[in-house]
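To start, the structure under review is shown below, and the notes come after it.
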Ligand SMILES: Nc1ncnc2c1ncn2[C@@H]1O[C@H](COP(=O)(O)OP(=O)(O)OP(=O)(O)O)[C@@H](O)[C@H]1O
Ligand SMILES: [Mg+2]
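Below you can see the structure in the form of structure tokens.
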């Protein structure tokens, strides 16, 4: 009897409890009319000239695994120019070694189902899949505004603790309500009502803060190791978390509450919540100097890549699973040594790499190369 190699790989993957993406089908998604692609469980190189559909292809995988695009939230833009609806289908093995089938469809409404069951909360996906996406915009983790760094941090914590996104959602809702309440009143709003919102913010905010700080503590050794491996240099990387609510002991909630109380007068004047974890930030340092100010473009790129890929080992340690890695157009930004180091670090992971020029992959033996030309995908 002939053995099906992909069945053997899937069986091995199941035993290792790691995740793999097998087949993608996309209909009327962005510039694709109808594509079907089988991937390998090692390195998948997606190569082509500009504007052929490489990022669209990665985006369709990302959407299936997270119900979210890295580019935009308006799902109508996913639908091909001359179509009324679009759909994406993806199958593989999830982090618990179970087969999965995801179907995402976009028309008047959007919907996403796994194994035929409609998914209502994105956090449900977080407990089934583990992936890292890195695209050209990710440099904003270093150079961008604090909210972009918080987005990285929140995504990272959610990957390790899927319930974290629910907690953050509760905080954001309470904050929105408090701000709406502050704006609504021209006269002084009820102290009692503000007290209710303060309590909710202190409750959720102190828990979010605690989880973020704990994450950074656990993450730092992985980041240090990852940076040394990628940059091959002796530069020391470190991270500082900045918060108004500088209370890192057991009385988080009480101190958070008293800060909100203290700033109430100011909040009433500016009609917004001035203090809290929604203003926090973290700064990366290289040899004690801020990476965003002093690091070169290549160093900043390496730090940004490193922040993401260092997550892989931490996820492996805490959740005990491998992570699918999606890299959009980043190899061209790194020198040949850093490219080689990064590929070494990703060895053993299922990886998707888009590029215009695939010479960085010349020495990789275990890989599939796909050429994308005018929305047609061919394995070469
Ligand atoms: N909804 C849509 N319908 C049809 N075409 C679309 C849609 N959305 C985007 N496109 C087009 O798809 C094409 C491919 O985009 P994509 O971002 O995948 O290119 P790429 O191969 O990654 O190119 P680059 O190397 O420049 O990053 C673009 O020309 C873009 O305008
Ligand atoms: Mg692209």
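In our numbering, the protein residues as written are -10 to 369.
For every residue, glycine included, the Cβ atom is placed at its ideal position computed from N, Cα and C.
Check, Outcome
"Beta carbon of residue 218 nearer than 8 Å to that of residue 330", "yes"
"Anticipated Cβ contact below 8 Å, residue 370 with residue 263, distance rounded", "With the chain covering only -10 through 369, there is no way to say anything about residue 370."
"Continuous alpha helix (DSSP H) stretch holding residue 144: start and end", "135 to 149"
"Backbone CA spacing between residue 71 and residue 316 [nearest angstrom]", "29 Å"
"Contact set, ligand 2 heavy atom to C-beta under 7 Å", "43, 44, 317, 318, 343"
"Straight-line gap, residue 370 to residue 332 (C-alpha atoms, nearest Å)", "No answer is possible for residue 370: the residues shown for the chain start at -10 and end at 369."
"Residue(s) in a DSSP beta bridge with residue 82", "9, 88"
"As assigned by DSSP and simplified to three states, the class of residue 103", "strand"
"With 16 other Cβ atoms within 10 Å as the buried cut-off, status of residue 48", "buried"
"Spatial distance of residue -6 from residue 358 (CA atoms)", "With a pLDDT of only 39 at residue -6, under 50, the local geometry of the prediction cannot be trusted, and the value read off the model is given with reservation. Using only the alpha carbons, I get a separation of about 18 Å."
"Entirely enclosed alpha helix (DSSP H) segments - the segment 248 to 294, minimum 4 residues", "253 to 259, 280 to 283"
"Distance between beta carbons of residue 154 and residue 111, contact taken as under 8 Å", "7 Å"
"4 or more residues per run - each alpha helix (DSSP H) lying fully within the segment 15 to 96", "43 to 55"
"Residue 7 versus residue 232 - alpha carbon distance", "36 Å"
"Residues near residue 117 by beta carbon distance below 6 Å, same chain, minus five either side", "83"
"Near ligand 1: residue 50 beta-carbon under 7 Å from a heavy atom", "no"
"Continuous alpha helix (DSSP H) stretch holding residue 187: start and end", "180 to 220"
"Residue 170, enclosing alpha helix (DSSP H) - first and last residue", "153 to 173"
"Candidates 13, 36, 63, of which the one nearest residue 50 by Cα", "13"
"Neighbourhood of residue 298 by C-beta distance below 8 Å, restricted to the same chain and skipping five residues each side", "121, 123, 215, 219, 314, 331, 334, 335"
"Nearest neighbour of residue 184, chosen from 53, 243, 90 [CA to CA]", "243"
"Beta-bridge pairing of residue 120 - partner residues as DSSP gives them", "313"
"Residue 280 classed as buried or exposed, judged by whether at least 16 other C-beta atoms fall within 10 angstroms", "buried"
"8 Å Cβ cutoff met for residue 362 and residue 37", "yes"
"Own chain partners of residue 164 with C-beta closer than 8 Å, once the 5 adjacent residues on each side are dropped", "190, 262, 265, 267"
"Cβ shell of residue 200 (< 8 Å), same chain only, five flanking positions each side left out", "146, 150, 153, 156"
"Option nearest residue 97 by Cα separation, candidates 166, 105, 75", "75"
"Backbone secondary structure at residue 368 - three-state DSSP", "strand"
"Candidates 35, 284, 182, 41, of which the one nearest residue 19 by Cα", "41"
"Every unbroken beta strand (DSSP E) within the segment 307 to 359, with a cutoff of 3 residues, ordered by chain", "313 to 317, 340 to 344"
"Residue 226 - DSSP class collapsed to helix/strand/coil", "strand"
"Buried/exposed call for residue 312, threshold 16 Cβ in 10 Å", "buried"
"Short Cβ contact (8 Å threshold) for residue 32 with residue 301", "no"
"Contact check, residue 187 vs residue 254, beta carbons under 8 Å", "no"
"With 16 other Cβ atoms within 10 Å as the buried cut-off, status of residue 30", "buried"
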